[in-house]
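Chains as they are written, first to last, in full-length UniProt numbering: chain A, 1 to 355; chain B, 1 to 325.
Down below is the structure, laid out as structure tokens.
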Ligand SMILES: Nc1ncnc2c1ncn2[C@@H]1O[C@H](COP(=O)(O)OP(=O)(O)OP(=O)(O)O)[C@@H](O)[C@H]1O
Ligand code: SF4
Ligand SMILES: [Mg+2]
């Protein structure tokens, strides 16, 4: 975990060649109301075996970004530009056949709600085994054995009989374990977990996160963990990217971003969640205002209508000029405030509120 | 499964009892005297009373209903014709046993239904799948507008039109007739081709729209996205996942439609002068032929109830979340 990243590396990165490298990614949907700019000029890296946490409020483009990595957007209504390189292979513009071969094998996804994300019509074993057969050409019998092995690894009791159950016969936590088993069945080197614990109750959440962490250590998988919950990121990730209106507004290592956040939106997020240190007496304060329209983005800094600090920017510019994510490497934020100002504001005004 | 079948069969019997009873009650609510129809021109009051007695109309309707019901199990004799159990009574208008008439007519309706069902299922589901696959593209739009057009057509317009275009003016196809399948399979199909075409033209549209909309709905489901996320090919996602999900709706609607169609397509049979159950129903109503009317009603109701049970059982086979009890 180095903050002094190599010059050509854009992320706060954990060093080494990234397994996934996203550059200037833009995703636009044409809808009846206009063009939705769901992701705009986004760049980030994920190093092999490391975890990147992506946080941001609802609609900030977290899922859209990752569905773009897997190539799951409808090409008829989506325009994707920029570059997504997985282990050196360019995915933007890749054919469906190529993507099919990568999905489930080199990269896979864990979805939020395992009840709707698993097919109600097929047994758990078949759904796991099918992925394995598709990518390895294994026989039905081998696939079933593999499914049982995976269910064992994710901690499903009596895997030899549960393998023939349907998802509705599993509890919520077990379903998510099965989902994890399915996504890991071909030893992918990148797993994207889109709010994998949101649909589960709190005790189960912790178990699932621990399981993911253990499996990651065993298999050396890189993980992108999408969540609303900074606490989850703090527990599991090395790097954080904070997204707002389809852009990265702050990025850095977990330590940097949580201990010394630089962007007013990140401050808002931190104040809006229960204290990481557990002081429950500090009242929660949600980020004021509502998320912007992605069809008609506010000019300049997209966060300006909700920002309490734009008066402090010397010479203005918040409403007219879009702040770039800078510096180019290491801990960075997209805000016109000077580095020292951010530090002072955080220490004087924000930190005391966080408890 | 067994419990389900027993429970549903008992329920079905209750429904059939109620349906037949209501038919009886309704019949007697209409101020028509069937006995008068058979009394002829020189009808004396004595004669009328005699006929009424022969036909069993001299009792209150609950008594008549009870007689009808018990005759099913005990059998009886009408006009010197013996009717063995299960006996569904005697048609005084046709001078025949009701059971025999129904057995005679049913194959026509059955053939009409089977033939058109095969066509509208294959064409309807096929077109619907294609439209869902090419969602939003030209193929989809054409399929959707054609089926909208077809579904707005009525059999009493399309029927004569088709007869004129295919039979009278061009001699392209034979005029509709019913030849038993066992006598001559080719004649059977040839004789029913025109009604099949017309009937399926109208029904296909329903199935196209239904298949398309359930497929589109299923394709946007989370589990379909998961299947794609794990590398399943387009075909396998379409057939093994989305189609599997869409099947439930289609089977349900088809089961209900089948029951209705088999009960007699009244307008179709009249339009094409085919002597099936539907055409029979009209005649029995016109002739105030109570026992025949009740017979047809019970057959139609039985078919509908039966296919409802089949649908529920099929649904449970398709969707493992449904448990039969
Ligand atoms: N297929 C689509 N067509 C049009 N707009 C879309 C489409 N998919 C997503 N969007 C829009 O893109 C924006 C970003 O959505 P996204 O799902 O990435 O948000 P998110 O950050 O994952 O939010 P959440 O935390 O609620 O999951 C939203 O405003 C959404 O309405
Ligand atoms: S650029 Fe201005 S409006 Fe945007 S976050 Fe910074 S201070 Fe607030
Ligand atoms: Mg999301």
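Backbone N, C-alpha and C fix where the C-beta goes; we use that ideal spot for every residue, glycine too.
Small disclaimer: the values here were computed from a predicted structure and weren't measured.
Cβ distance (whole Å) where residue i is taken to contact residue j below 8 Å
{"i": "residue 99 (chain A)", "j": "residue 137 (chain A)", "result": "Wrong, their Cβ atoms sit about 19 Å apart, outside the cutoff."}
{"i": "residue 186 (chain A)", "j": "residue 263 (chain A)", "result": "That pair is no contact at about 38 Å."}
{"i": "residue 309 (chain B)", "j": "residue 29 (chain B)", "result": "Going by Cβ atoms, the distance from residue 309 (chain B) to residue 29 (chain B) rounds to 31 Å, so no, they are not a contact pair."}
{"i": "residue 227 (chain B)", "j": "residue 241 (chain B)", "result": "5 Å"}
{"i": "residue 314 (chain B)", "j": "residue 251 (chain B)", "result": "5 Å"}
{"i": "residue 65 (chain A)", "j": "residue 29 (chain A)", "result": "Between residue 29 (chain A) and residue 65 (chain A) the Cβ distance is about 13 Å, and since that is not below 8 Å, they are no contact."}
{"i": "residue 210 (chain B)", "j": "residue 249 (chain B)", "result": "7 Å"}
{"i": "residue 39 (chain A)", "j": "residue 58 (chain A)", "result": "Contact flag wrong, Cβ pair sits at about 15 Å."}
{"i": "residue 263 (chain B)", "j": "residue 112 (chain B)", "result": "About 12 Å separates the two Cβ atoms, so there is no contact after all."}
{"i": "residue 250 (chain A)", "j": "residue 266 (chain A)", "result": "5 Å"}
{"i": "residue 131 (chain A)", "j": "residue 187 (chain B)", "result": "In fact, because the Cβ distance is near 54 Å, the residues do not count as touching under 8 Å."}
{"i": "residue 244 (chain A)", "j": "residue 82 (chain A)", "result": "Between residue 82 (chain A) and residue 244 (chain A) the Cβ distance is about 18 Å, and since that is not below 8 Å, they are no contact."}
Residues bridged to residue i (per DSSP)
{"i": "residue 297 (chain A)", "result": "Residue 297 (chain A) pairs with nothing; no bridge assigned."}
{"i": "residue 384 (chain A)", "result": "Absent from the model: residue 384 (chain A). The displayed extent of chain A is 1 to 355, so no value can be given."}
{"i": "residue 25 (chain A)", "result": "A:42"}
{"i": "residue 252 (chain A)", "result": "A:240"}
{"i": "residue 38 (chain B)", "result": "The partner list for residue 38 (chain B) (beta bridge, DSSP) is empty, contrary to what the question assumes."}
{"i": "residue 20 (chain A)", "result": "A:46 and A:86"}
{"i": "residue 247 (chain A)", "result": "A:244"}
{"i": "residue 31 (chain A)", "result": "A:34"}
{"i": "residue 332 (chain A)", "result": "A:251"}
{"i": "residue 326 (chain A)", "result": "A:333"}
{"i": "residue 91 (chain B)", "result": "B:96"}
Residue-level contact to chain C via CB, residue i, 9 Å cutoff
{"i": "residue 104 (chain A)", "result": "Annotation note: the requested chain C is absent from the structure, which comprises protein chains A and B."}
Span of the alpha helix (DSSP H) around residue i
{"i": "residue 133 (chain B)", "result": "98-133"}
{"i": "residue 7 (chain B)", "result": "2-29"}
{"i": "residue 230 (chain B)", "result": "Taken as a continuous stretch (DSSP letters only), residue 230 (chain B) belongs to no alpha helix (DSSP H), as it is neither H nor E."}
{"i": "residue 74 (chain A)", "result": "From DSSP, residue 74 (chain A) is part of no alpha helix (DSSP H); its letter is neither H nor E."}
{"i": "residue 100 (chain A)", "result": "96-102"}
{"i": "residue 279 (chain B)", "result": "277-286"}
{"i": "residue 308 (chain B)", "result": "290-318"}
{"i": "residue 144 (chain A)", "result": "140-153"}
Residue i: first and last residue of the uninterrupted beta strand (DSSP E) it sits in
{"i": "residue 85 (chain A)", "result": "78-86"}
{"i": "residue 41 (chain A)", "result": "34-46"}
{"i": "residue 108 (chain A)", "result": "107-110"}
{"i": "residue 78 (chain B)", "result": "76-78"}
{"i": "residue 83 (chain B)", "result": "81-83"}
Any chain A beta carbon closer than 9 Å to residue i
{"i": "residue 1 (chain B)", "result": "no"}
{"i": "residue 230 (chain B)", "result": "yes"}
{"i": "residue 318 (chain B)", "result": "yes"}
{"i": "residue 245 (chain B)", "result": "yes"}
{"i": "residue 241 (chain B)", "result": "yes"}
{"i": "residue 321 (chain B)", "result": "yes"}
{"i": "residue 234 (chain B)", "result": "yes"}
Chain B within 9 Å of residue i, Cβ atoms only
{"i": "residue 79 (chain A)", "result": "no"}
{"i": "residue 168 (chain A)", "result": "yes"}
{"i": "residue 308 (chain A)", "result": "no"}
{"i": "residue 130 (chain A)", "result": "yes"}
{"i": "residue 200 (chain A)", "result": "no"}
{"i": "residue 101 (chain A)", "result": "yes"}
{"i": "residue 134 (chain A)", "result": "yes"}
{"i": "residue 76 (chain A)", "result": "yes"}
{"i": "residue 72 (chain A)", "result": "yes"}
{"i": "residue 1 (chain A)", "result": "Caution applies to residue 1 (chain A), whose pLDDT of 41 falls short of 50 and renders its modelled position unreliable; the value that the coordinates give is listed next. It does not: the Cβ of residue 1 (chain A) has no partner Cβ on chain B nearer than 9 Å."}
{"i": "residue 13 (chain A)", "result": "Because residue 13 (chain A) carries a pLDDT of 44, less than 50, the predicted location of this residue cannot be relied on, and no value is offered for it."}
Practice prompt. Give me every residue whose Cβ sits closer than 6 Å to any heavy atom of ligand 4, in chain order.
Written response: The ligand content of the structure shown is limited to ligand 1, ligand 2 and ligand 3, which means ligand 4 is not among them.
Item to complete: Could you run through the segment 109-120 of chain A and flag, in chain order, every residue whose CB is less than 8 Å away from some CB of chain B?
Response: 109, 111, 113, 116, 117, 118, 119 and 120
Worksheet entry | the segment 159-184 of chain A: positions lying closer than 7 Å to chain B by Cβ | 166, 168 and 182
Fill in: chain A contacts made by the segment 210-230 of chain B, where a contact means CB separation under 9 Å
221, 222, 223, 224, 225, 226, 227, 228, 229 and 230
Discussion item. Residues of the segment 86-99 of chain A in Cβ contact with chain B at a cutoff of 9 Å, in chain order, please.
Written reply: 96, 97 and 99
Worksheet item: Residues in the segment 125-156 of chain B with C-beta within 9 Å of chain A's C-beta atoms, listed in sequence order?
Response: 135, 136 and 137
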